[in-house]
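A.B. asks: Residue numbers (numbering that gives the first Met the number 0), protein chains in the order written: chain A, 0 to 522; chain B, 0 to 121. C-beta atoms are modelled at their ideal positions from N, C-alpha and C, and glycine is treated no differently.
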Amino acid sequence: MNIAIYIPLVSAIFVLFLVLFIFLKGEKSKSQFLFLLISFSFILWFIGTFKMFTSETDAEIIFWDKINYITAIFAPILLYHFGLEFTKLYTKNKKKLLIIGYILAVIFFLLLRTNYFIDDVYKYSWGGHAKAAIAHHPFVLYFIFYMCLFFFILYENYKRTKKDPLKNIQVKYLLWGFVIFSLVASPAFLPAYGISIYPFEYLAGVIFVIVAAVGITRHFLFGVRVILTEFLIGIMGLMLFILPFLIEIPILKTITLIILLLFCVFSYLLIRATYQEIKRRNEIEKLYKELEKLDKAKSEFVSIASHQLRTPLTAVKGYISMMLENDYGNPPEKMKLPLKNIYTSNERLIKLVNDLLNVSRIEAGRLQFKKESFSLEEMINSIIEELRSLAENKNIYLKLEKSKKVLPNIFADKDKIRQAIINIIDNAIHYTEKGGITVKIENQGNKLRTSITDTGEGMTKKELSFLFESFSRGKAGTKLWTEGAGLGLYVTKKFIELNKGKAWAESKGKNKGSTFYIELPIK
Amino acid sequence: MAKKILIIEDEKILREMYYDKFVQAGFDITLVGSAEEGIKVVLKVKPDLVLLDILLPEKNGISFLTKLREKPEFDSLPVVAFSNFDSPETKKAAFELGVKDYLIKTSFTPKQIIEKIKSYLK
């Protein structure tokens, strides 16, 4: 007897295993239930085909072929239904087609019991097949129509899921798996019309199993991930189980039995561990996503809140500046200082909001850099010009000690470096009551070191240690807050570091002044 | 003749403030509060420059710019964006639609904005 005849039977057993695993371990959903039904109908078909080809009498052939036709009648509408459920691409018309399809399937199923569907037997070199009768013709049309609809849905979904790689690859597997399967399985109708052809349906079973197995193990179709582990364990267990029956030496028999027992225990532990690990990984993934969402919400909140804060600050800044520019008449002399103070306070608030925005951007990793080549010396010169009036108001000096040699350009984000240096000099002015501030730039070979030395308050070691921290670093922030340094230095340090530079401060102690250093690479 | 400036700004207080300063500086000012209105008025007034807020009710400043640039007679009309909203993406989109500058409102007094605008009108 031809051994190939057994292929459908082997396929049936494979699919049965597959179905059991999916049913026991996967997530329970309607699409999975439909997939189960489809798989069972295929098992029926594989067994029917096997029995049909091994039948002796015509009556047997017709009986088993009728069993096969149950699959052929229900598979297209079940596939279509599965496709809709899997993709959720329901529309009113698609639902109507679904109901019509089920009604047609039931009608064909009822006709199958009469002689109007198949009648008589066609014998050819590979066996026998029932001959098509009158009701078989509309059935073929129904079959082709619903298979096309099914493929159309999968194709539609394939296009739709292009942005989601995991879903997309799942749909690709389903699409190609079923296309190849149908192409191979469909010629099974031909003998019904008296066309003799090699029974390809043998192969169809194998293809179905391979596609499903690859899809499930490699791409987690239906969320099943441990099938491979369990499958291997299953095969090894089966072999170990058979072994004692084959061995006749009692000692070896006992040993294999003990091994089998141990194997069972270890397999159980292994499978349990695998499940736990998968569960943990899923939980971590979920937590991580949650965290990401929270983090995003936080920075979005800060960004929007900062924007909302800026509007009234703009109005205060604008109106006070216009009052000081005498746009609303000359303010009384007595009022000028208070106006200036309001303006300065408001500027501090604006700076605070800017810093907050910058901090939220730094922490969300959303800063964008535009690097260019520029002269650091020129930039510091213009900053000093800009801040000179602030120093003059406090009767302190602010000067740049010219470098003797020509300094090379640096390559960095100009705006961010500018903000960083302004922050430090502005800070130095704020904390210096007599004396002044000296800025120096030194060429250190591959980097430029800028030092900003003031004769101001100075700092203790403890103060130095948390000087560049942000408010989010616990206690340090609140302390700095009351002293007014705020977030500026944290932003400064980050800006410098993100340009591959270094920023730090030194001080000999209280009332001994301090020096801030910024180092930036030349290239 | 006084230069015509169209200011698109939805905050009433800021609108009034800029209006005061710009009129004093001798500009001919038209104020509107939304992007849709802005498009209508641009056709009628034919300003020399538009000062455009970015966050506006319903349609934002970027959509105003897109609509404006679709009209051939306005494809080179100078527009200065000014907003307190400074996401890098929005900034990039505005520059791609040909704004002269993207000013953060809190960083400038009205006087400084006027100086900027004068430089773009030259």
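Go through its chain and collect everything with a Cβ distance to residue 18(B)'s Cβ below 7 Å, but skip five positions before and after it.
C.D. replies: Closer than 7 Å at Cβ, skipping near neighbours: 28 and 30.
A.B. asks: Considering Cα atoms alone, identify which of 109(B), 115(B) and 117(B) is closest to residue 314(A).
C.D. replies: Here the closest residue by C-alpha is 109(B).
A.B. asks: In the structure shown, what three-state DSSP assignment does residue 0(A) receive?
C.D. replies: Interpretation of residue 0(A) is limited by its pLDDT of 47, a score under 50 that renders its predicted location unreliable; no figure is taken from the coordinates.
A.B. asks: Grab me the residues of residue 50(A)'s own chain with a C-beta within less than 6 Å of its C-beta, minus the 5 sequence neighbours each way, in chain order.
C.D. replies: Only 63 meet the Cβ criterion.
A.B. asks: Taking all protein chains shown into account, decide if residue 235(A) is buried (16 or more other Cβ within 10 angstroms of its Cβ) or exposed.
C.D. replies: Counting Cβ neighbours within 10 Å, residue 235(A) comes out exposed, since fewer than 16 surround it.
A.B. asks: Looking at C-alpha atoms only, which residue of 378(A), 81(A), 284(A) and 359(A) is the closest neighbour of residue 29(A)?
C.D. replies: The shortest C-alpha separation from residue 29(A) is found at 81(A).
A.B. asks: So which residues of chain B does residue 447(A) contact, with C-beta pairs closer than 9 Å?
C.D. replies: Near residue 447(A) there are no residues of chain B at all, since even the closest Cβ is about 27 Å away, more than 9 Å.
A.B. asks: Tell me the rounded alpha-carbon separation between residue 33(A) and residue 76(A).
C.D. replies: Distance between the alpha carbons of residue 33(A) and residue 76(A): 10 Å.
A.B. asks: Give, in chain order, every residue of the region 64–80 of chain A whose Cβ lies closer than 8 Å to some Cβ of chain B.
C.D. replies: Residues passing the 8 Å Cβ filter: none.
A.B. asks: Look at residue 138(A) and residue 72(A) and say whether their C-beta atoms are less than 9 Å apart.
C.D. replies: Cβ distance < 9 Å, so residue 138(A) and residue 72(A) count as in contact.
A.B. asks: Could you round the C-beta distance between residue 510(A) and residue 415(A) to whole angstroms and report it? I think they count as a contact, below 8 Å.
C.D. replies: About 33 Å; that fails the 8 Å criterion.
A.B. asks: Using a Cβ-Cβ cut-off of 8 Å (strictly less than) and excluding sequence neighbours within five positions of residue 386(A), which residues of its own chain qualify?
C.D. replies: Within the same chain, residue 386(A) has close Cβ partners 397, 421, 424, 425 and 428.
A.B. asks: May I have the straight-line CA-CA distance separating residue 452(A) from residue 366(A), to the nearest angstrom?
C.D. replies: Rounded to the nearest angstrom, the two C-alpha atoms are 29 Å apart.
A.B. asks: Quick check: residue 352(A) and residue 419(A), are their CB atoms within less than 9 Å of each other?
C.D. replies: Going by C-beta atoms, residue 352(A) is not nearer than 9 Å to residue 419(A).
A.B. asks: Excluding the 5 residues flanking residue 36(A) on each side, which residues of the same chain have their C-beta closer than 7 Å to its C-beta?
C.D. replies: The residues are 77.
A.B. asks: Can you list, in chain order, the residues of its chain whose CB lies under 6 Å from that of residue 239(A), leaving out five sequence neighbours each side?
C.D. replies: Here the set comprises 259 and 262.
A.B. asks: Where does residue 47(B) sit, in a helix, a strand or coil, going by DSSP?
C.D. replies: Reduced to three states, the DSSP call for residue 47(B) is coil.
A.B. asks: List the residues of chain B that residue 367(A) touches, going by C-beta distances under 8 Å, in chain order.
C.D. replies: Correct list: 87.
A.B. asks: Taking 9 Å as the threshold (beta carbon to beta carbon), is residue 101(B) in contact with chain A?
C.D. replies: No, its Cβ sits nowhere closer than 9 Å to a Cβ of chain A.
A.B. asks: How do the region 96–111 of chain B and the region 306–324 of chain A stand: do at least 3 beta-carbon pairs fall below 8 Å, yes or no?
C.D. replies: With a cut-off of 8 Å, the region 306–324 of chain A and the region 96–111 of chain B count as touching, because enough Cβ pairs lie within range.
A.B. asks: What residues are listed by DSSP as bridge partners for residue 417(A)?
C.D. replies: Paired residues: none, contrary to the question.
A.B. asks: Taking the alpha helix (DSSP H) that residue 466(A) falls in, what are its first and last residues?
C.D. replies: It is not in any alpha helix (DSSP H) - residue 466(A) carries neither H nor E in the DSSP assignment.
A.B. asks: So which of 393(A), 65(A), 145(A) and 85(A) has the shortest CA-CA distance to residue 523(A)?
C.D. replies: This structure cannot speak to residue 523(A), because chain A is shown only from 0 to 522.
A.B. asks: Name the residues in the region 323–335 of chain A whose C-beta lies less than 8 Å from a C-beta of chain B; which are they?
C.D. replies: Cβ contacts with chain B: 324 and 326.
A.B. asks: What first and last residue would you give for the beta strand (DSSP E) that runs through residue 406(A)?
C.D. replies: Counting along the chain, residue 406(A) falls outside any beta strand (DSSP E), and DSSP gives it neither H nor E.
A.B. asks: In angstroms with no decimal places, state the Cα-to-Cα distance between residue 341(A) and residue 317(A).
C.D. replies: If I take the Cα positions, the gap works out to 12 Å.
A.B. asks: Decide if residue 364(A) is buried, meaning its Cβ has at least 16 other Cβ atoms within 10 Å, or exposed.
C.D. replies: Exposed: under 16 other Cβ atoms inside 10 Å.
A.B. asks: DSSP three-state label for residue 98(B), please.
C.D. replies: If DSSP states are grouped into helix, strand and coil, residue 98(B) belongs with coil.
A.B. asks: With a 10 Å radius around its C-beta and 16 neighbouring C-beta atoms as the bar for buried, classify residue 436(A) as buried or exposed.
C.D. replies: That one is buried.
A.B. asks: Under 9 Å between the Cβ atoms of residue 34(B) and residue 55(B)?
C.D. replies: Their beta carbons are under 9 Å apart, which means residue 34(B) touches residue 55(B) by this criterion.
A.B. asks: Considering only C-alpha positions, which residue in the set 513(A), 495(A) and 507(A) is nearest to residue 520(A)?
C.D. replies: Among 513(A), 495(A) and 507(A), the Cα nearest to that of residue 520(A) belongs to 495(A).
A.B. asks: Going by the DSSP bridge assignment, what does residue 442(A) pair with across the sheet?
C.D. replies: Paired residues: 447(A).
A.B. asks: Is the Cβ-Cβ distance between residue 233(A) and residue 16(A) less than 9 Å?
C.D. replies: It is a contact, given that the beta carbons lie within the stated cut-off.
A.B. asks: Comparing the C-beta of residue 440(A) with each C-beta of chain B, is any distance below 9 Å?
C.D. replies: For residue 440(A), the answer is no, since every Cβ of chain B falls outside 9 Å of its Cβ.
A.B. asks: Tell me the rounded alpha-carbon separation between residue 72(B) and residue 41(B).
C.D. replies: Going from the Cα of residue 72(B) to the Cα of residue 41(B) covers about 11 Å.
A.B. asks: Tell me the rounded alpha-carbon separation between residue 255(A) and residue 243(A).
C.D. replies: Going by the C-alpha atoms only, they are around 6 Å apart.
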